[in-house]
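Here's the structure we're looking at; comments come further down.
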């Protein structure tokens with residue numbers, strides 16, 4: 004088997020392993036891995052339109068909307084009409100949502116540690132750059148995976 008055929012399978016296997024481990028870590032908190040990604044995306048900034056949130060995750064807009072409705076019912080997210088576009092809605096974390104995100108971030112630490120322990124020093128930066136390039140090439144609508152700050156930084160916890 005060549006790299007050309009192994010790469011997609013290896014990417015999928017890594018994603019599924021991460022997803023399964025994350026699901027197990029977040030289950031006691033009644034949050035799915037996908038809901039965690041939504042909360043983490045909102046934790047990185049101010050209110051986002053639902054369309055922008057779907058682009059940044061990246062995810063299907065109807066899936067994002069369904070998660071937002073559920074998380075809003077649980078008091079973790081608030082949605083409001085966009086201030087300048089009556090057709091759009093914005094989403095932001097509530098205080099309870101920020102607390103839940105911090106709790107989930109801590110709960111996910113063992114998974115992140117195990118992932119990083121599988122790599123040599125500097126491999127993580129290279130891997131993120133390569134995965135970002137792949138995502139950008141395959142989906143021009145996809146927002147960059149990386150960023151200037153991690154989800155776990157102090158500024159994200161305020």
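In the numbering used here, the protein residues as written are 4 to 161. The C-beta atom is built at its ideal place from N, Cα and C for all residues, glycine as well. Since the model is a prediction, treat every value here as computed from it, not as a measurement.
Option nearest residue i by Cα separation, candidates the options
{"i": "residue 35", "options": "143, 74, 132", "result": "74"}
{"i": "residue 40", "options": "83, 7, 61", "result": "61"}
{"i": "residue 20", "options": "136, 120, 123, 114", "result": "114"}
{"i": "residue 99", "options": "128, 85, 58, 46", "result": "46"}
{"i": "residue 101", "options": "44, 22, 140, 64", "result": "44"}
Residue i and residue j closer than 8 Å at C-beta
{"i": "residue 104", "j": "residue 56", "result": "no"}
{"i": "residue 97", "j": "residue 72", "result": "no"}
{"i": "residue 95", "j": "residue 125", "result": "no"}
{"i": "residue 53", "j": "residue 77", "result": "no"}
{"i": "residue 38", "j": "residue 4", "result": "no"}
{"i": "residue 130", "j": "residue 122", "result": "yes"}
{"i": "residue 119", "j": "residue 127", "result": "yes"}
For residue j and residue i, the rounded distance between their alpha carbons
{"i": "residue 9", "j": "residue 24", "result": "22 Å"}
{"i": "residue 93", "j": "residue 12", "result": "36 Å"}
{"i": "residue 90", "j": "residue 18", "result": "34 Å"}
{"i": "residue 31", "j": "residue 51", "result": "28 Å"}
{"i": "residue 143", "j": "residue 83", "result": "28 Å"}
{"i": "residue 107", "j": "residue 29", "result": "7 Å"}
{"i": "residue 138", "j": "residue 16", "result": "16 Å"}
{"i": "residue 27", "j": "residue 86", "result": "38 Å"}
Under the three-state DSSP convention, the category residue i falls into
{"i": "residue 94", "result": "strand"}
{"i": "residue 11", "result": "helix"}
{"i": "residue 143", "result": "coil"}
{"i": "residue 84", "result": "strand"}
{"i": "residue 124", "result": "coil"}
Residue i - containing alpha helix (DSSP H), residue span
{"i": "residue 67", "result": "64-76"}
{"i": "residue 57", "result": "53-59"}
{"i": "residue 4", "result": "Premise fails: residue 4 is in no alpha helix (DSSP H) and is neither H nor E."}
Segment limits, beta strand (DSSP E) that includes residue i
{"i": "residue 34", "result": "Taken as a continuous stretch (DSSP letters only), residue 34 belongs to no beta strand (DSSP E), as it is neither H nor E."}
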